[in-house]
Each structure stands twice: as C-alpha cells, then as structure tokens.
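Below is one structure, written out as structure tokens; comments come after it.
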Amino acid sequence: MCGIVGYIGPRQAPDVVLQGLKRLEYRGYDSAGIAALDDNGEIVVRRDVGKLANLTAQLQAAPLDGRIAIGHTRWATHGAPTQRNAHPHLGMNGRVVLVHNGIVENYKELRDELTAEGVRFNSDTDTEVIVQLAERYMAGGLSLDEAARRTLRHLEGASAIVLMSADEPDRLVCARIGNAGGITLGLGDDEMFIASDIPAILEYTRRMVFLESRQMAVISTDNFTVMDLDGRAVSPKIHTISWDPVSAVKGEFKHFMQKEIFDQPRAIIDTLGGRIDHENSSIHLPEMNLTPELIERIDKLFIVACGTSYYAGLVGKYMIETLARLPVEVEYASEFRYYNPIVDGRTAVLSITQSGETADTLAASEQARSQEATLWSIVNAIGSQSMRLADGSIPMHAGPEIGVASTKAFTTSLVDLYLLACVLGNLRGHISPAELRRHAADLTRLPTLVGRALEKDAEYQALAERFHKARNFLFLGRGINYPIALEGALKLKEISYIHAEGYPAGEMKHGPIALIDETMPVLAIVTKNALYDKMISQVQQARARGGIVIALATEGDEQIRQEADHVIYVPDTPPLLSPVVNVIPLQLLSYHIAVRRGADVDQPRNLAKSVTVE
Ligand code: AGP
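Counting in our numbering, the sequence shown tops out at residue 862, every number present.
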C-alpha cells in the first residue's frame, strides 16, 4: 500500500505535500518522491529510495517551489525499490506526471503496445503505463480529465491515481478503480488537498470527501467536481472529521505504537461512547440496522479478516457463541475468498478491518455479497471501502492508528465484538435485562482495568531486558485466550523479527513440546478461568523439560509463583473480556524487546499498515 498526497492553493505546495507524506509514511517506505509545477510552468521531480528522510535531505539541498504538487511514498509491488522506480513518474515528453497506488494487472501488454508505438519507458514499474497513456491522450488533444478517463478504461486491477499536467497548471485530477486504498479530498478555503488517508491533511481541514470506486475528481484552488468514469456528475457526501489532529502525532512518546498502546483506555471509552444506556440497561448499535426480521433470518455468522484483525475474530467467536448462541465460523479472508464457503441469505458475514481497505478482506466481503449474505463490518477508518460496503457497521472509534503493528484497533474491535454479542444475545432472547446490566457494567470498568495493566510497564521493560536476545519464543493460551497467544506471537515477530509461535496449550504434547529447552522462553496465559488448572499442568510440563516460563496471571494468585520463572500480574477481569486486558502486557513486552533490538518499531521491514494489494 502506498501513500499519496496532492495540493493546490496559495501555500508552498511541496512543503504541504512533504508534511502529508510524513503522516503517511507508515503506508510504505521503500521510496518517496514529489513533483511540482515551478514558476516557469515546468514539472520538476525530486525522488529517492528508502525512507522519507532521504527525500527530505534532497529537498533541503535543492528546494522545490510551486503552488501545485503531488507526492508519494512507495511500498513496492512491481519493480524493485530503486530511484528509477520511485514515484512520481513522468510521461516521456515531460508534460504529465503521476502518482499511483495499486496494481495494473495488464501492464505488460499495455507496455508492449506503447513501446511498439514508440514510447520510451524509464522504469520497470507497472505504474508507468498509466502516465504514458495519459500523456499520449493529451498530446492527441484531450483535456487532462478526459485523458484520465480514457486511460482508466485500459487498466485491469485496482488503482488510485493523481495526475498533474504542465498544460493544465490550475488543476489536479484523481481517481480510483477497485480497492487500491482510498482517495480523500480535503476541502479548504481557496485550497484543495488530496490524500490516501485522513491524517495527511487533517491539520489543514476537517471537511473531506471520499471517492468511491470508479469515480474521479477534478480539483482547482476554489472548486472540486466528482464524476463517474462516464463523465456523469456525482454529488458526494461531505464528511466533517471529528478526530483531533493531535491524535495523529506522537507527542511525548518515542513511537506511534507506544503512544497507541497507552491510548487504549481513552480509545475504549470512545468505543463505548453513546452505546451503553445505563438508565435503561441497554446497548445501542444503531449503525448495525438490526431489524427483528433480520435477527430471525440469520442463522450463522462468518467472521473474515487478516492478521491481528483475524485474531480479534477468533475472540469474537467465543463472545458471540457464548452470549448469543449464534454459530460462528472465523476464516482468513485470503482463504475465504477461494474455497467456496457455505454462505446464503441466512448468513451474516462480518469483516473486521482497521484500515477498511485490506484487499483480501474487501474481496471476501464482495464474494459474500454475491452469495446473498448480509454484510457487517467492524472498522476504524471512517469513510473506508469496508464501511461503505456493509449493510451494518460498528466503527471502532479508536482514532488514527499509525503504527504498523495494530494495538488499539485490536482492543477496540474486541469491545465492538462484545457489544455485538450482547445486542445479538438480547435480541435472540438469550440475555435478560439483568444480565445486560451486568455486561454493561463490566464494559464500563474495562478502561480502568486496561489502565492498571499499563501501569506495570516497568516490569515489562525488565522482562524485555532479560529476553530481548532470544531467538525463538512460544506463546501458549487456551480457550478465549488462545487467540491472545497468537496475537502476542504476531506482535513480537512483526516488530522484533524474533521467530515466535502462538499455540493452543493443550496441543503441546502432540509435537511442539519437542521444541522446549532452556533457550525457548514460553509465555503462558494462566489467568483465572475454567481452564486454569489445565494451564498450570501445561506450565509444569514445559518447566519439566527445562523451559523458561513467563506466566501471565491474575492478581492475587500465589500458586503461580511456585510454578513459573517469571510472573506478570493483570487485574481480575470477567473471562469473556479478559483478552482485552491480557493482550496489554504482550503488546508492551514486544514493544520493549523490539526497541532494545534497535528495530524500526513503527515501520517494520517488508510491512505496510494496510495491505491493499493481494
Ligand atoms: C497487525 O499488527 C498487522 N499490522 C496486520 O496483521 C494487520 O492486522 C492486517 O494487515 C489487517 O489489517 P486491517 O485490520 O487494516 O484489515
């Protein structure tokens, strides 16, 4: 997934674009570049491989001026991350320049056709065919927007683009086809912005328009028009974003991930906001549009997601099957879309996605739609494709999550799942008003319990000091905490590059216990619940084989001190909500280990914040 920014207005456009790219660097950081129209009306491009800091240094040495510019941070798909493949890309006559997010699946045949017509290519990317086509259409007399429309008709695959031309210096043209990451218009006073994501332009304006797939927009300093790819005008909704710009900056924290971990009590309060009516002991999810007819009809729920969001779905299964007695299947979105799942008009398919733009998750949702399913989504990014696609949604309200490793989006999606389980349970007649009151009270206490887990940060730092040189790590859990073992392993491996595995503790004796020795730290989730004694037995088996065990235990549990080498205590939490609290130490342990290993916590190698390509 790449980051795109465009600007037209009275400010120094290259500065606005560079600042926006800094806010988007988490989307991809293989290379970066900016193109501006200078005072002579010529397109000037600066670009470099690697982090944005390299481009920033170039711009300090050779500044760019201009009132209109576009920029890009790249997560390479086609063409190695080199200077020659960095965006922006110019047409061969230097009259049109482009930034692009997505994949042109038929770029080889388009490149062959254009080469046969005499076009000289300057990169190995799929992207370049777009700008060469657009420039040729403009050379044939078409306007920039018409050239863009014609060009898009040739493209197969999902793309989001911004075009700028020296022959039309008072406008930018942007468009999106398919799910290649969003295109957001920021509406200023005598200035306009384009960005892949809200944080890039939130400091300038809160008024935003989100392009749908197969829409394009033409922006000038004081106007914008949106149309479909046949040129028919569209009247889009203008959203007012309530996020505060501060939430999109690090503040006193060292990393976005650290800030977002400590942001979780507030985020959960925002997630609960307006949804619990204590007076009437009821829980409201108005955006879900749950009618009695729909509740009557739905007899199965499929949860589809990727990565951390998939692990949230595994926790959600326990919550919803326990409280609502609705059968739940949880599947990786990348698997769901290819194995012909049993889905029909009586199935609800819930996607869980922080970005709302993950290609596999969107494709799974669209497949479910084609099989008559009801689509629900738990999503953080307001205005994202996943939110717009769904028949009903539960926004996470976590605020922007910048760190590539997902933390507050994970815990707020667990809260959304619990809210959904309570509402479904009540509507399906499995939860009485008195029980609903208790669930509401449990949820209300959650931010405080999470806050208490965060207070133990010094302990997690000490453990990180002890274990940051480990080469492998094993995370064990059972029941509703088995997904937390998986999530703890993912957090550790994706930011510290230590190989880590999450495993259902009961499975250890069927093979993995062969891994245990004094070089294999084992983190076991042994908080108080019906499986406590089973977990104690697993801890004993691991230690009997020389394993070093770190136990995550409930405050007040003295027995565990005899069983484990290290103990992390968390506050006593109702079992169905315990994953929200139990994940906190795992997030911070991974964070501190990664910091001690000198890893790039917010932008781990090879990763991007949202994977908008297959
Ligand atoms: C989580 O730490 C990872 N960054 C990754 O697994 C992420 O959860 C996954 O790509 C899904 O992203 P989404 O929630 O935006 O769909």
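The beta carbon of each residue, even a glycine, is placed where N, CA and C say it ideally should be. Remember, predicted model here, so these are calculated numbers, not experimental data.
query                                                                                                : result
Beta-carbon spacing of Asp790, Val770 below 7 Å                                                      : For clarity, residue 790 is Ala in the given sequence; the question names Asp instead. Yes.
Backbone secondary structure at Ala301 - three-state DSSP                                            : helix
Within-7 Å CB hit, Lys717 to chain C                                                                 : The question asks about chain C, but that chain is absent: this structure has only one protein chain.
Contact test: Ser654 Cβ vs the ligand AGP heavy atom, cutoff 6 Å                                     : yes
Nearest candidate by alpha-carbon position, reference Leu400, set Ser557, Ala465, Leu477             : Leu477
Leu433 to Trp323 span [Cα, whole Å]                                                                  : 22 Å
Same chain, Cβ closer than 7 Å to Val829, neighbours up to 5 away in sequence not counted            : Leu697, Val698, Ala701, Val818, Pro819, Thr821
Limits of the unbroken alpha helix (DSSP H) element including Glu383                                 : 376-387
Own chain, CB closer than 7 Å to Ile524, minus 5 neighbours either side, in chain order              : Ile531, Ala688, Leu691, Thr692
Span of the beta strand (DSSP E), counted from its first residue to its last, around Val466          : 463-468
C-alpha gap between Ala569 and Leu598, whole angstroms                                               : It should be noted that the sequence gives Glu, not Ala, for residue 569. Each residue's Cα considered, the two are about 14 Å apart.
Contact under 7 Å by Cβ, Ala669 with Ala560                                                          : no
Glu811 to Asn674 span [Cα, whole Å]                                                                  : 41 Å
Status (buried if at least 16 other CB within 10 Å, exposed otherwise) for Arg480                    : exposed
C-alpha distance - Ile796 paired with Glu766, whole-angstrom precision                               : 6 Å
C-beta contact flag for Leu623 and Asp608 at 7 Å                                                     : no
Residue of Gly319, Arg359, Leu665, Val652 minimising C-alpha distance to Leu738                      : Val652
Counted within 10 angstroms of its Cβ, other Cβ atoms place His758 as buried (16 or more) or exposed : exposed
Three-pair Cβ contact test at 8 Å for the segment 652-663 versus the segment 613-621                 : no
Val410 and Ile252 closer than 7 Å at C-beta                                                          : yes
Rounded C-alpha distance that separates Val379 from Leu390                                           : 14 Å
Presumed contact (8 Å Cβ cut-off) between Val344 and Leu358, rounded CB distance                     : The Cβ separation is near 16 Å, so there is no contact.
Euclidean distance between Cα positions of Arg726 and Glu579                                         : 19 Å
3 or more residues per run - each beta strand (DSSP E) lying fully within the segment 520-559        : 548-553
heavy atom of the ligand AGP below 6 Å from Val859 C-beta                                            : yes
Proximity test, Ser838 beta-carbon vs the ligand AGP heavy atom, cut-off 6 Å                         : no
Closer than 6 Å: Cys250 CB and nearest the ligand AGP heavy atom                                     : no
Buried or exposed by the 16-neighbour rule on C-beta atoms within 10 Å, applied to Lys717            : exposed
Contact belief for Ile650 with Ile626 at Cβ below 8 Å, rounded distance in angstroms                 : So it is not a contact: roughly 19 Å between Cβ atoms.
8 Å contact criterion, which Thr775 and Ser826 should meet: CB distance rounded                      : 6 Å
Where Phe501 falls: helix, strand or coil (DSSP)                                                     : coil
Counted within 10 angstroms of its Cβ, other Cβ atoms place Asn349 as buried (16 or more) or exposed : buried
Residues sharing a beta bridge with Asp476, DSSP                                                     : Gln463
Nearest residue (CA-CA) to Lys782, options Pro752, Asn720, Met768                                    : Pro752
Extent of the continuous beta strand (DSSP E) run through Arg424                                     : 420-425
Segments assigned alpha helix (DSSP H), at least 4 residues, entirely inside the segment 670-735     : 681-702, 705-715
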